[in-house]
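In this note's numbering, the protein residues as written are 68 to 218.
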Amino acid sequence: MRKIKKLVATLLAATMVLAMGVTALAAGTYTANQNLYKDAECTNPSMGDAAVNDMWADITINANGKATLVVHTHEIKYLGLTGHLGKMEINGTAKEPVKDSSGDVVDYYFTFTDLDASMFYEGCVITGKFTTYVGIMPMSATGYLKLTGIE
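Pasting the structure below:
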């Protein structure tokens, strides 16, 4: 009987820790660090990661359970060529970048609306298709956008 109580207590504690780790965000506006990976485990950075890794994502969670995600990017250099992320697709919705050239640096952003708010939590990984344009050859691949440091 004692072993069963210990087992149940351990399982309950593990469940609470897991639930705390994936708690959805409350209604409000947040910023997050972002990285783009080739694999779902987020161990192999994508070529497009250089366009997002020192930028941020804006997340707006609405009271109705819907969310807006704005992914900020900038131009990248690869093998001496300049390029950028030219298309993103999340949940079947493809977006072209909006160019923001205010100042000396050219930045881009992608806005996704009407997303399920429960997909956003600390360390969430969003699967999508990302197209990188460097030179004249676009490279499209499935990628994994990881959001961390959500504040």
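Cβ coordinates follow ideal geometry from the N, Cα and C atoms, glycine included.
Beta strand (DSSP E) segment containing residue i, residue limits
i, result
"Val192", "192 to 201"
"Ala124", "123 to 128"
"Ile217", "Here Ile217 belongs to no beta strand (DSSP E), and DSSP marks it neither H nor E."
"Thr110", "Run containing Thr110: none; DSSP gives neither H nor E here."
"Leu136", "133 to 141"
Straight-line gap, residue i to residue j (C-alpha atoms, nearest Å)
i, j, result
"Leu152", "Asp167", "13 Å"
"Met122", "Thr90", "24 Å"
"Asp106", "Thr209", "9 Å"
"Gly190", "Gly202", "32 Å"
"Pro21", "Val137", "There is simply no residue 21 to check, as the chain begins at 68 and stops at 218 in what is shown."
"Tyr176", "Ile157", "14 Å"
"Asn120", "Asn102", "5 Å"
"Thr140", "Gly159", "20 Å"
"Glu218", "Tyr97", "5 Å"
"Phe187", "Tyr104", "17 Å"
"Thr199", "Met114", "8 Å"
"Ile126", "Ser207", "25 Å"
"Asp181", "Gly216", "23 Å"
"Met155", "Lys162", "5 Å"
"Asn100", "Gly132", "22 Å"
Extent of the continuous alpha helix (DSSP H) run through residue i
i, result
"Ala117", "116 to 119"
Buried versus exposed, by CB contacts within 10 Å (16 or more), residue i
i, result
"Asp116", "buried"
"Leu148", "exposed"
"Gly150", "buried"
"Gly195", "buried"
"Leu146", "exposed"
"Pro164", "buried"
"Lys213", "buried"
"Ala130", "exposed"
Three-state secondary structure (DSSP) of residue i
i, result
"Ala91", "coil"
"Ser207", "strand"
Test: residue i CB closer than 8 Å to a CB of chain D
i, result
"Ile143", "Checking the listed chains, one finds no chain D in this structure; it contains a single protein chain."
Q) At which residue ranges does the stretch 158 to 183 contain complete beta strand (DSSP E) runs of 3 or more residues, listed in the order of the chain? A) 160 to 162, 165 to 167, 174 to 183
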